Structures are given as structure tokens and as C-alpha cells.
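Following: one structure in C-alpha cells, then a few remarks.
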Amino acid sequence: MPNVFGTPHKGAEPRHEQVVFCQDEASGLRAIIAIYSTALGPALGGTRFYPYRSEDEALADVLNLSRGMAYKNALAGLDHGGGKAVIIGDPAVDKTEALLRAYGRFVQSLNGRYYTACDVGTYSEDMDVIARESRFVTGRTTANGGAGDSSVLTAYGVFQGMRAAAETVWGSPTLRGRRVGVEGVGKVGHRLVEHLREDGAEVVICDVSEAAVERVRARHPEVEVVADSHALIRTDLDVYAPCALGGSLDDDTVPVLTAKIVCGAANNQLAHPGIEKRLADRGVLYAPDYVVNSGGVIQVADEIGGFDFDRAKSRASGIYETTKRIFALAADEGVPPAAAADRLAERRMSEIGRLRAILL
Ligand SMILES: NC(=O)c1ccc[n+]([C@@H]2O[C@H](COP(=O)([O-])OP(=O)(O)OC[C@H]3O[C@@H](n4cnc5c(N)ncnc54)[C@H](O)[C@@H]3O)[C@@H](O)[C@H]2O)c1
1 MPNVFGTPHK
11 GAEPRHEQVV
21 FCQDEASGLR
31 AIIAIYSTAL
41 GPALGGTRFY
51 PYRSEDEALA
61 DVLNLSRGMA
71 YKNALAGLDH
81 GGGKAVIIGD
91 PAVDKTEALL
101 RAYGRFVQSL
111 NGRYYTACDV
121 GTYSEDMDVI
131 ARESRFVTGR
141 TTANGGAGDS
151 SVLTAYGVFQ
161 GMRAAAETVW
171 GSPTLRGRRV
181 GVEGVGKVGH
191 RLVEHLREDG
201 AEVVICDVSE
211 AAVERVRARH
221 PEVEVVADSH
231 ALIRTDLDVY
241 APCALGGSLD
251 DDTVPVLTAK
261 IVCGAANNQL
271 AHPGIEKRLA
281 DRGVLYAPDY
291 VVNSGGVIQV
301 ADEIGGFDFD
311 RAKSRASGIY
321 ETTKRIFALA
331 ADEGVPPAAA
341 ADRLAERRMS
351 EIGRLRAILL
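As numbered in our numbering, residues 1 to 360 make up the sequence shown, in order.
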């Protein structure tokens, strides 16, 4: 059973503020909402709808994901803490209006301590349904005044992070003439290809979906396609952009990676914590995933105050400076960028969170 409360002791990492189990037997809803921290404001993070094998597995996932959101939101410069929710079930079979609305009532019952959004297995249309029961929902469809598909600014943000990495490695932020490998050309990956081609990069792609590859090739016949991620990581690259699933950098792939920069949208790209040091030892600059892929959460956070795409885009442009700050701190303190990112996030949570002690 994952440890929610634990035994607090000096120096221990902070634990989750609140974990809520939600059940509605008639609709079949079984959900867990985890709030890691509200130090910076109401917790914000998506709802994952997934057929977990057990409640323990769902709990472990939501605890981990909500903590990750606190760090991501902190470095994205948002006034939001970290939270996340999971609904246990197969979205293809179990997702009904009644279940989503029952879930919405539990989100509402937290009275704004937690804002939900899309994640694996949930879409903007689902947020529209949940929003019929709760005010604390974002990532709705544009037809309902929402921010719509968050992959637009996720891809833009990854591109900004990549520019920061290019400047750090080659002294100039352009990707012109660089060979960039994009693994996974789904919602985010295909948009990243657009930014890269516009900047003049040479692009190599792979995807397990033939349709996804064809969509890119239809617009960009010049883009090279390789068979799979195994081939992509070994091909001659300047930048490797994982935009499919997590864990693609492991003990087998890091030694054969040819790229000088890793910067992509996928969450949890490093298979285990030792990988960040192995990348650094090989002279590969790793742009921390949760920093460069925060454009999506910046997009949906903007919806809370009334969505304005240009304002959200301008905020997502800040990913360029944040990524540069992380590389600079990593160099100053002699730690890998992933560790530097965590330090900066913790610093913001503590410095800004502390201000709430000043009573207004
Ligand atoms: N969409 C967002 O706003 C957002 C925000 C933050 C992080 N992310 C992360 O970015 C990644 C991509 O998200 P997305 O929304 O584009 O998802 P998506 O499902 O639209 O695209 C993923 C693509 O990867 C392909 N793929 C899966 N396994 C593969 C493999 N082994 N090799 C090559 N291709 C493979 C799929 O066929 C699909 O085309 C995910 O890890 C997601 O968690 C997305």
C-alpha cells in the first residue's frame, strides 16, 4: 500500500496535503483525487482514466503524478499547486455521462482546492460534461469557452526548450540545419515537426501508427522516416525529441544515442534517476521533460481567468528563459539539469508559498 501519511521527520520530503477517494456505485465511479500542495494556489492537474489493475496501483500513480504537477506548475510560473486525479476503469467501456458528472460533483465538493483538466483517457469533450457539475474544470472545448487542445502550446513550449538547449550547446538558438529526431508524431509530435521545419531543421520521424506518419509526410514529403524508435535513437542526430511514451532513455539507449541534446514532450523520459548522470557523463544536454512540456498546462491554466490564446502563448514563451536558467544553475552547481530544475521548483514553492503567512 503506498504511503500517504508516513512518519514526518526533519529533512523528509513534504507529503501530500489531501487524498480523496470518491465512489458512486450506481454509475460505477471509482476515483482518487490527490492534492500534493496548494502552496502556490489551487492544485491543478488532469484526470487520468485508466484500467488500473488494483486500487493500490491507482493510488501510487496519482500520488506520483500529483507531486509531478506541483513541480511542473511551479516552474511554469503558475499560481497553482499540484494535483491530479485518476478514474479507475476502461474509458472505452466505462465512460458515461453519469460517471463523469458524478466525478464532477466530487471535484466541486473540494470547493476550488483542485482544478481538473484532460489527461490520458480524457478529452476536452469530457471536461465539458464534468463542468456541468463543477466550476473547477479547465481544458474544455473552445465551443464552450475553453482552451481546447493543449498539445498546441505543449509543442510550442518544447520548441522553446529546444531553442534554449541549442543556444547552450551551439551558441545560437536556431535549429536551422540541425538534424532532429522526433519519436512519436501524435498530437504534440506532429506540431513540433511544423515548428522545426519552419525554423529550417532537418527532421527524422518514427511512429508505430502508419496514419500518424502519413499525416506528417502529406505536409512534409521531405521528412525522413525510420522504422522505429530503436532505429531513430541510433541514427545520426543532433537532437532527440521523445514525444511518444515515457522511459525511452534507459541503460540500453543512452550508450547508443548520437544526439547532443534530448528535448521532447513525453513525460518521465528517464527510465530511472541514474540516467540523468549517464547522459551528463556522455556530454548530452537533457532538457527536463516536465519543464519543456509545460506549455499545455500553461494553456489550460489560462482558461481559468477567461482564455486568451495570445496571452497563453506569450506565457509559454517563458519556457525558453526557464530552460536556460536551469542549464545555468546546473552548470554553476555541478548537478544534472533535472536536479537543478527540482531545486528551482522547490525554491519557488517555498519562497512564494511562504508569502501566504503575511495576512491580508
Ligand atoms: N498533449 C499534451 O498537451 C501533453 C502535455 C504534456 C505532456 N505530454 C506527453 O507527450 C507525449 C505525447 O503526447 P500526445 O498528446 O502527442 O499523445 P498522442 O497519443 O497524440 O501521440 C503519441 C504518438 O506516439 C506514437 N507512439 C506510441 N508508441 C510509440 C513508439 N514505441 N514508438 C514511436 N511512436 C510511438 C503513437 O502512435 C502516437 O502517434 C505523451 O508522453 C504525453 O504524456 C502531452
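Positions of the beta carbon are idealized from the N, C-alpha and C atoms, including for glycine.
Bear in mind that the values here come from a model prediction, so they are computed numbers and not experimental data.
How big is the Cα-Cα spacing for Leu-40 and Ile-304? Translated into the one-based positions of the sequence shown, residue 40 becomes position 40. Translated into the one-based positions of the sequence shown, residue 304 becomes position 304. Cα-Cα distance, rounded: 15 Å.
Return the residue from the list Val-19, Arg-113, Arg-101, Gln-108 that minimises the CA-CA distance to Glu-125. The sequence position of residue 125 within the sequence shown is 125, counting from 1. Cα-wise, what sits closest to Glu-125 is Arg-101.
Going by other Cβ atoms of all chains shown within 10 Å of its Cβ, with 16 needed for buried, is Phe-21 buried or exposed? As a first step, residue 21 must be located in the sequence shown, where it is residue number 21. It is exposed - the Cβ of Phe-21 has fewer than 16 other Cβ atoms within 10 Å.
Please list, following the chain, all residues that have a C-beta closer than 7 Å to any non-hydrogen atom of ligand 1. Val-120, Ser-150, Ser-151, Thr-154, Glu-183, Gly-184, Val-185, Gly-186, Lys-187, Val-188, Gly-189, Cys-206, Asp-207, Val-208, Ser-209, Ala-212, Asp-228, Ser-229, Cys-243, Ala-244, Leu-245, Gly-246, Ala-265, Ala-266, Asn-267, Asn-293, Gly-296
Gly-11 - DSSP class collapsed to helix/strand/coil: Start at 1 with the first residue of the sequence shown, and residue 11 comes out as number 11. The predicted position of Gly-11 is uncertain, since its pLDDT is 44 and thus under 50; a value taken from the coordinates is nonetheless stated next. Residue state, collapsed to three classes: coil.
Please state whether DSSP places Pro-51 in a helix, a strand or coil. Your numbering for residue 51 matches position 51 in the sequence shown. Pro-51: coil per DSSP, three-state reduction.
Can you tell me the Cβ-Cβ gap for Val-107 and Ile-130, rounded? I've got them flagged as a contact below 8 Å. Translated into the one-based positions of the sequence shown, residue 107 becomes position 107. Translated into the one-based positions of the sequence shown, residue 130 becomes position 130. With a Cβ gap of about 7 Å, Val-107 and Ile-130 count as contacting.
Expressed to the nearest angstrom, what Euclidean distance is found between the alpha-carbon atoms of Leu-355 and Arg-105? As a position in the sequence shown, residue 355 is number 355, starting the count at 1. As a position in the sequence shown, residue 105 is number 105, starting the count at 1. Rounded to the nearest angstrom, the two C-alpha atoms are 31 Å apart.
Let me check understanding here. Comparing Cα to Cα, which of Lys-84, Asn-111, Ala-98 lies closest to Ala-117? Against the sequence shown, residue 117 aligns to sequence position 117. The residue with the shortest Cα to Cα distance from Ala-117 is Lys-84.
Select from Ala-271, Asn-293, Gly-246 the residue whose C-alpha is nearest the C-alpha of Arg-191. Taking the sequence shown and counting its residues from 1, the one referred to as residue 191 is at position 191. Among Ala-271, Asn-293, Gly-246, the Cα nearest to that of Arg-191 belongs to Asn-293.
Taking all protein chains shown into account, decide if Val-256 is buried (16 or more other Cβ within 10 angstroms of its Cβ) or exposed. Position 256 of the sequence shown holds residue 256. Counting Cβ neighbours within 10 Å, Val-256 comes out exposed, since fewer than 16 surround it.
For Ser-314 and Ala-155, I'd like the C-alpha separation in whole angstroms. One-based indexing of the sequence shown puts residue 314 at position 314. One-based indexing of the sequence shown puts residue 155 at position 155. So the two alpha carbons sit approximately 14 Å from each other.
DSSP three-state assignment for Lys-95, whether helix, strand or coil: As a working mapping, residue 95 is identified with position 95 in the sequence shown. Lys-95 falls in the coil class under three-state DSSP.
Return the chain-ordered ranges of every beta strand (DSSP E) run that is complete within the segment 139–221 and spans a minimum of 3 residues. 179–183, 202–206
Under the rule that 16 or more other beta-carbon atoms within 10 Å means buried, what is Pro-221, buried or exposed? Position 221 of the sequence shown, counted from the first residue, corresponds to residue 221. It counts as exposed.
Can you find the residues in the same chain that come closer than 8 Å, C-beta to C-beta, to Leu-153, ignoring five residues on each side of it along the sequence? In the sequence shown, residue 153 corresponds to position 153, counting from 1. Around Leu-153: Gly-295, Gly-296, Ile-298, Gln-299, Ala-312, Lys-313, Ala-316.
Just the C-alpha distance for Arg-278 and Leu-359, rounded to the nearest angstrom, thanks. Here residue 278 refers to the residue found at position 278 when the sequence shown is read from its first residue. Here residue 359 refers to the residue found at position 359 when the sequence shown is read from its first residue. Whole-angstrom Cα-Cα distance: 46 Å.
First through last residue of the beta strand (DSSP E) which encompasses Pro-362: Missing from the structure shown is residue 362; the chain here goes from 1 to 360 and no further.
Who are the near neighbours of Val-62 in its chain, counting only those whose CB is closer than 8 Å to its CB and skipping five residues on each side? Residue mapping note: residue 62 aligns to position 62 of the sequence shown, counting from 1. So the list reads Val-19, Ile-32, Ile-33, Ala-34, Arg-48, Lys-84, Ala-85, Val-86, once near-sequence residues are dropped.
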